[in-house]
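A short write-up of the structure that comes next.
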Ligand code: DC
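Residue numbers (the working numbering): 612 to 832.
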């Protein structure tokens with residue numbers, strides 16, 4: 612096994628921003644597992660599947676073939692051969708991913724894909740169950756978190772900067788709903804691995820978090 616770093620934590624904790632930067636600095640591949648669940652969710656939305664009908668979603672799973680390629684260090688997600696990166700980062704797709712990701716048939720292929728990517732390359736992988744299920748033997752596990760207030764504020768600022776209309780209370784309520792769903796599902800819930808280091812970023816800048824995690828990686832390597 613190569614060098615693997617697992618980063619788990621709730622939505623909006625900054626996992627992808629940090630993992631991307633650390634990957635670049637330490638020459639690791641960044642594996643964004645949320646994007647894989649988002650790709651399956653996109654397929655279900657496009658097919659008009661009722662997302663709360665678990666059997667319908669499970670039955671459609673074999674039709675959604677997700678593959679990953681790296682182009683100039685960027686993860687590109689293909690859904691049945693189509694590059695879908697541009698469609699994955701919307702609120703609608705994120706919500707849908709949170710709704711369907713508890714279904715075992717959805718997780719099974721994604722976890723296998725994630726394990727094979729980690730076996731092939733030194734990587735930093737972020738998600739919800741990476742330290743607990745996907746890479747139990749990762750040399751470093753990080754649980755990245757922040758208060759829901761801070762996470763909602765960051766999301767609000769991000770949307771406001773793009774000129775998108777948004778409501779702070781609604782964003783915060785959505786984040787808390789998503790946390791609840793991700794933490795209370797039966798299948799691979801979000802929880803901190805026993806051997807994970809907690810990094811609470813509520814009062815830290817991106818640069819501070821990045822520096823702290825690079826230091827943890829250097830020590831683990
Ligand atoms: O990290 P994200 O917002 O892109 O993830 C979208 C949803 O996918 C999230 O609400 C839960 C699910 N997910 C998961 O169940 N397991 C993972 N390893 C990553 C994401």
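Yeah, the Cβ is synthetic: ideal placement off N, Cα and C, and Gly gets one too. Note that this is a predicted model, so its numbers are computed, not measured.
| query | Between residue 678 and residue 736, is the Cβ-Cβ spacing less than 8 Å? | reply | no
| message | Considering Cα atoms alone, identify which of 683, 690, 682, 684 is closest to residue 674. | response | 690
| message | Given 7 Å as the limit, tell me if residue 628 has its C-beta closer than that to any heavy atom belonging to the ligand DC. | response | no
| task | Just mark residue 701 as buried or exposed, buried being the case when its beta carbon has 16 or more other beta carbons within 10 Å. | result | exposed
| task | Report whether the distance from the Cβ of residue 617 to the nearest heavy atom of the ligand DC is below 7 Å. | result | no
| Taking the C-alpha atoms as reference points, what is the distance between residue 703 and residue 790? | 16 Å
| Using the C-alpha atoms, what's the distance from residue 795 back to residue 788? | 11 Å
| Unbroken beta strand (DSSP E) run spanning residue 777, endpoints | Counting along the chain, residue 777 falls outside any beta strand (DSSP E), and DSSP gives it neither H nor E.
| residue 621 burial status per 10 Å Cβ neighbour count (16 or more: buried) | buried
| field | Sequence-distant residues of its chain with Cβ nearer than 8 Å to residue 801 (five each side left out) | value | 619, 620, 621, 739, 740, 790, 793, 794
| Can the beta-carbon of residue 688 be found less than 8 Å from the beta-carbon of residue 671? | no
| task | Go to residue 756, then tell me how far its beta strand (DSSP E) extends in each direction, as first and last residue. | result | 751-756
| Near residue 669, which residues of its chain fall below 7 Å by C-beta distance, leaving aside the five closest residues on each side in sequence? | 714, 716
| query | Does the distance from the C-beta atom of residue 640 to that of residue 632 stay below 8 Å? | reply | no
| message | What does the alpha-carbon distance come out to for the pair residue 706 and residue 663? | response | 12 Å
| Since residue 708 contacts residue 654 with CB under 8 Å, what's their CB separation in whole angstroms? | Going by Cβ atoms, the distance from residue 708 to residue 654 rounds to 11 Å, so no, they are not a contact pair.
| Just how far apart, CA to CA, sit residue 774 and residue 767? | 10 Å
| task | Return yes when the C-beta of residue 712 is under 7 Å from any heavy atom of the ligand DC, and no when it is not. | result | yes
| task | Verify whether the separation of the beta carbon atoms of residue 813 and residue 757 is less than 8 Å. | result | yes
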